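Visitor:
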Amino acid sequence: GMAAEGFDVVSLMFTLHYFFKDVSTLNGLLRNLSESLKVGGYFVGCCFDGEKVVSLLHDVPTGGTKRGTEGSSDLWTITKQYEESMVVLPGDETGLGKAIDVGFISIGESYTEYLVHWDYFVRRMSDIGMELLNAEELVTLGLQSIL
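Right, here's the structure in full:
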């Protein structure tokens, strides 16, 4: 079929976090990437920084919400659904399944997302032979270095 030779680019914009529900789901993503992305291809994705979200919600009880407001309107909300005692997102499989409910005014309702520990994700990607681009490689592609 169309994917027999693999893809040059795989993109998961604003959906990457769903694969951090549990080990099985993350392993499925990694298997799919290793089978569908060409050697030398690019994976592109985005999600919240799980460690920064945990820091933001450190003083919020489970079920509590942080809000970004303009006047009396909520522009965004993040509701803590993981255990109140967690003050650092674990950088291993015990950090999977840590849920938040996220709402944006432009979407109109809340959706459950899972926190992503960046270093854990990078390590798991390296298990299947994928690595981050370095600053020079980003410049070569016309992208500003964010490293």
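Using the numbering used here, you'd call the opening residue of the sequence shown number 1151 and step up by one each time. Beta carbons are placed, not taken as given, at the ideal position from N, Cα and C, and that holds for glycine. Here the structure is a predicted model, which is why all the values come from computation and not from measurement.
Using C-beta distances below 8 Å, list every residue in its chain close to L1206, excluding the 5 sequence neighbours before and after it, in chain order.
Guide: Here residue 1206 refers to the residue found at position 56 when the sequence shown is read from its first residue. Excluding residues within five positions, the ones whose Cβ falls inside 8 Å are K1216 and I1228.
Visitor: Quick check on H1167: buried or exposed, where buried means 16 or more other Cβ atoms within 10 Å of its Cβ?
Guide: As a first step, residue 1167 must be located in the sequence shown, where it is residue number 17. Buried, by the Cβ-count rule.
Visitor: Strictly by DSSP, which residues pair up with F1157?
Guide: Position 7 of the sequence shown, counted from the start, is the residue given in the question as residue 1157. Answer is L1187.
Visitor: Using a Cβ-Cβ cutoff of less than 6 Å, which residues in the same chain neighbour G1218 once the five nearest sequence positions on both sides are dropped?
Guide: As a first step, residue 1218 is located in the sequence shown; it is residue number 68 there, counting from the start. The residues are L1225 and W1226.
Visitor: So if DSSP puts E1263 in a beta bridge, which residue, or which two residues, is it bridged to?
Guide: Within the sequence shown, residue 1263 is the residue found at index 113, counting from 1. DSSP lists I1250 as partners of E1263.
Visitor: When you compare the stretch 1230 to 1242 with the stretch 1155 to 1175, are there three or more beta-carbon pairs, one atom per stretch, that lie closer than 8 Å?
Guide: Touching, no, given that fewer than three Cβ pairs across the two stretches are closer than 8 Å.
Visitor: Using 10 angstroms around the beta-carbon of L1176, count the other beta-carbons present and answer buried if the total reaches 16, otherwise exposed.
Guide: Within the sequence shown, the letter at position 26 stands for residue 1176. Buried, because 16 or more other Cβ atoms sit within 10 Å of the Cβ of L1176.
Visitor: Buried or exposed: G1200, going by 16 or more other Cβ atoms within 10 Å of its Cβ?
Guide: In the sequence shown, residue 1200 corresponds to position 50, counting from 1. Flag for G1200 reads buried.
Visitor: Pull up the CB-CB distance for I1278 and S1184, whole angstroms please, since I reckon it's below 8 Å.
Guide: Along the sequence shown, one-based indexing puts residue 1278 at 128. Along the sequence shown, one-based indexing puts residue 1184 at 34. Right, their Cβ atoms sit about 4 Å apart.
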